[in-house]
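Quick notes on the structure that follows.
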Amino acid sequence: MSDIELKLEIESLVKSSGYKPSKVMLCSIVRVMSMRYRDVSQKRIFTVAKELL
């Protein structure tokens with residue numbers, strides 16, 4: 001999965017959550033995305049999510 005696809009997935013996850021994007025959501029986003037996409041490392045998900053938030 002490319003970084004662009006990962007960013008789009010994280011943005012859609014944040015949008016569908018109904019909450020305002022914040023640093024508090026970072027751990028939850030990493031957990032959900034790592035469950036959905038087991039082939040993507042948590043470190044990579046964390047860095048992309050940290051950029052977006």
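In terms of full-length UniProt numbering, the sequence shown has 26 at position 26, counting the first letter as 1, and numbering is strictly consecutive. Here a beta-carbon is modelled for each residue, glycine too, at the ideal position from N, C-alpha and C.
Test item: CB-CB of residue i and residue j under 9 Å
i   : j   : result
I4  : V14 : no
R36 : E9  : yes
L53 : S22 : yes
Close-in-space but distant-in-sequence residues of the same chain around residue i (CB under 7 Å, 5 per side omitted)
i          : result
residue 55 : This structure gives no information on residue 55, because the portion of the chain shown stretches from 1 to 53.
Terminal residues of the alpha helix (DSSP H) in which residue i lies
i   : result
D39 : Looking at the DSSP string, D39 is not in any alpha helix (DSSP H), and its letter there is neither H nor E.
S16 : 3-17
Same chain, Cβ closer than 8 Å to residue i, five either side skipped, listed in chain order
i   : result
Y19 : M25
V48 : D3, L6, K7, I10
F46 : L26, V30
Proximal residues to residue i (C-beta, below 6 Å), its chain only, five neighbours per side dropped
i   : result
M33 : I45
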